[in-house]
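If you're matching positions, the sequence shown starts at 55 in the working numbering and goes up one per residue.
Worksheet: one structure, shown below.
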Amino acid sequence: MTASLDLTALPALRRYLESLPTAERDAAHAQLSALGPADLSSLGVSEPQPVEYDYRVDRIDGTIPAELRGTLYRNGPGRWEDHTGRPLRHLFDGDGMVSAFTVDSGGVHYRNRYVRTRHFRGKGAVSHMGTAAPGGWRSNIGRLPPNLANTNVVEHAGHLYALWEGGPPYEIDPATLETVALRRFGGELRWLGTYSAHPSFCPVSGAMFNFGVELAPRPHLRMYRTDRNGRLGHFRSARLPYPAMVHDFALTERYLVFLVSPLIPDPMSVALGLAPIGDTLRYRPDRGSVVLLVPRDGGKIRRIECDAVLQFHLSNAFDDGGDVVVDAITYADGRLLERIARFHTSSLADAPGRFTRFRVTASGRVSAEALSDSPCEFPRHHPGREGRPHRYAFVNTRRTLGAFYDTVTKLDLAERTEVSYPAPEAGNSFCEPVFTPRPGGTAEDDGWLLTVEYQAAQHVSRLVILDARDPSAGPVATAQLTHHIPQGFHGNFAPSS
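Next up, the structure:
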């Protein structure tokens, strides 16, 4: 290794590098050496957080809006090591850690707890999404990744769930964040119990729709509907054109909408223990994509083939006469898969996400149009506009950093303009901006954006509250933590009853 690269402040990264074979370690070190000071300091957000906290935040800057009451729940890996202490490679490999920022008349209370999955409790296999178990193929044959409950956290019908798409959700106590149990909803989640981390909520009925990918006896989607009282039932099933990874979907007033990307693993290599599933996942544009429109009233499913699209996250969708409009974050090629498979030392500078609008016509034609040139991810919108025409989307964008998103941006999809709040210091980054409506508000942007900012120089994090009408005005309030929160994936706000 080159001695000039100082990783003193990044002990977990050092341990990860030391765990690599020599050739891979040298290549990873070269990647790190090419980073500028801001990018290098930004990597601190991937250091683990071993401590579970429970305290009232002392330092509040600005004034928390009086109408903002409830809890922001967030989920993401809190550590990237298995229960033996071995460093893990893939972004999706870490144990789920749920954070809760409870906003009340007294200020902000912070609490975090790891989800007590089998893996976290030291049970089960250590063959992960992108890190094989030690011992070669004999230790990995037929092994699937453990359920880490690390991707999203949602509240519905009085229950809080930590979600991971490869298995059933874990129910979490909304006040203490203690793990209650793995939930199969009376056996409705069968076999592996796959259940997406991205449910959609009908603003009219209060129902929660979701799905799981099942590969046997042939690749298909199994869809679920959970009513406002928490009763889950099988809704529909639809065949997939190939064994694809399907991460997200959207809801309109008429349809469940799936934009299937040809993200295809090599099941034989996984079954034989030759490689973990994350390392076999490939973008196969030669296989094309398919749009599945699943009528909510039970009518015939529409299948529309189109040119290949690579996306993980849909923003929103709505019916427009006989057409269906779908917004998504798209990528030009499969480089993103390589970056997240070795995220510790990778930059996303050559894998920008684009906010893209697709129109599926009644005649079966699919067209696409980019609505922003800013590299972006983690789109959110007003929950009352779920499945309906909307004007605004709120995203993370990248201005200066390569590996993380350093700006919160409001996209005006009608005017094709954007307003942004960039991180105030070099190396800082933001997580997904959660739009929270103002109680009684009627305008689509009347509310707040809640995000967590990693402050690289101090290696701490803070809750940031922005006015969604004009994020560029800066925070209306911040709540300063005494420690950092590792980079997370998704979260949601549950208002006080």
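We treat Cβ as the ideally placed atom computed from N, Cα and C, and that holds for glycine.
Presumed contact (8 Å Cβ cut-off) between residue i and residue j, rounded CB distance
| i | j | result |
| --- | --- | --- |
| L467 | V488 | With a Cβ gap of about 19 Å, L467 and V488 do not count as contacting. |
| P316 | Y296 | 7 Å |
| Y164 | F155 | 6 Å |
| R142 | T76 | The amino acid at residue 142 is misidentified as Arg; the sequence shows Leu. Between T76 and L142 the Cβ distance is about 19 Å, and since that is not below 8 Å, they are no contact. |
| A211 | N283 | 6 Å |
| G130 | G542 | 3 Å |
| A292 | H274 | 6 Å |
| G388 | R336 | 6 Å |
| A457 | D80 | No, A457 and D80 are not in contact; Cβ-Cβ is about 20 Å, not under 8 Å. |
| G545 | V207 | 6 Å |
| V506 | R128 | 7 Å |
| V152 | A229 | Between A229 and V152 the Cβ distance is about 12 Å, and since that is not below 8 Å, they are no contact. |
| Y309 | P349 | 6 Å |
| V462 | R413 | The pair is not a contact, with the Cβ atoms about 28 Å apart (cut-off 8 Å). |
| R167 | E232 | 7 Å |
| P549 | R123 | 7 Å |
Paired residues, beta bridge with residue i - DSSP
| i | result |
| --- | --- |
| E225 | Y215 and A235 |
| G124 | V157 and P549 |
| Y278 | N264 and H288 |
| I358 | V345 |
| F174 | The partner list for F174 (beta bridge, DSSP) is empty, contrary to what the question assumes. |
| R445 | DSSP, once it has assigned bridges, lists no residue as partnering R445. |
| D374 | D377 |
| W134 | According to DSSP, which records beta bridges pairwise, W134 is partnered with nothing at all. |
| Y109 | Y164 |
| S100 | Answer is none; S100 lacks a bridge partner. |
| E472 | L465 |
| R434 | F448 |
DSSP-derived helix/strand/coil call for residue i
| i | result |
| --- | --- |
| L317 | strand |
| P75 | coil |
| V180 | coil |
| W191 | helix |
| R69 | helix |
| H367 | strand |
| A203 | coil |
| D147 | helix |
| L64 | coil |
| H83 | helix |
| T461 | strand |
| R439 | helix |
| A527 | helix |
| H398 | helix |
| G240 | coil |
| V324 | helix |
| D427 | coil |
| P339 | helix |
| L59 | coil |
| V169 | coil |
| V208 | strand |
| V300 | coil |
| V258 | coil |
| A186 | coil |
| L305 | strand |
| Q541 | coil |
| T490 | strand |
| T248 | coil |
| T536 | coil |
Cβ shell of residue i (< 7 Å), same chain only, five flanking positions each side left out
| i | result |
| --- | --- |
| T334 | P319, D320, S323 and V324 |
| A179 | A187, R197 and P200 |
| D281 | A261 |
| S96 | L455, A457, F458, G481, S483 and A510 |
| D377 | R413, V414, T415 and A416 |
Check: residue i C-beta below 7 Å from any heavy atom of the ligand GDP
| i | result |
| --- | --- |
| V314 | By its list of ligands, the structure shown contains no ligand whatsoever, and the ligand GDP lies outside what it can speak to. |
Span of the alpha helix (DSSP H), counted from its first residue to its last, around residue i
| i | result |
| --- | --- |
| I114 | Note, I114: premise wrong, no alpha helix (DSSP H); beta strand (DSSP E) at R113 to G116. |
| T334 | I331 to T334 |
| D93 | P91 to S96 |
Residue span of the beta strand (DSSP E) that contains residue i, given as start and end
| i | result |
| --- | --- |
| E392 | Counting along the chain, E392 falls outside any beta strand (DSSP E), though it belongs to the alpha helix (DSSP H) covering R389 to A395. |
| L517 | V514 to D521 |
| R411 | R408 to V414 |
| V506 | G501 to Q509 |
| E486 | E486 -> no beta strand (DSSP E), and no H or E assigned at all. |
Neighbourhood of residue i by C-beta distance below 8 Å, restricted to the same chain and skipping five residues each side
| i | result |
| --- | --- |
| G116 | I519, P529, V530, A531 and T532 |
| E242 | Y278, L286, G287 and H288 |
| Q85 | T399, S400 and S401 |
| A57 | Caution applies to A57, whose pLDDT of 45 falls short of 50 and renders its modelled position unreliable; the model cannot decide the point. |
| G247 | G221, P222, R238 and G266 |
Residues near residue i by beta carbon distance below 6 Å, same chain, minus five either side
| i | result |
| --- | --- |
| A477 | D460 |
| R411 | D381, E423 and L425 |
| Q534 | R113 and R516 |
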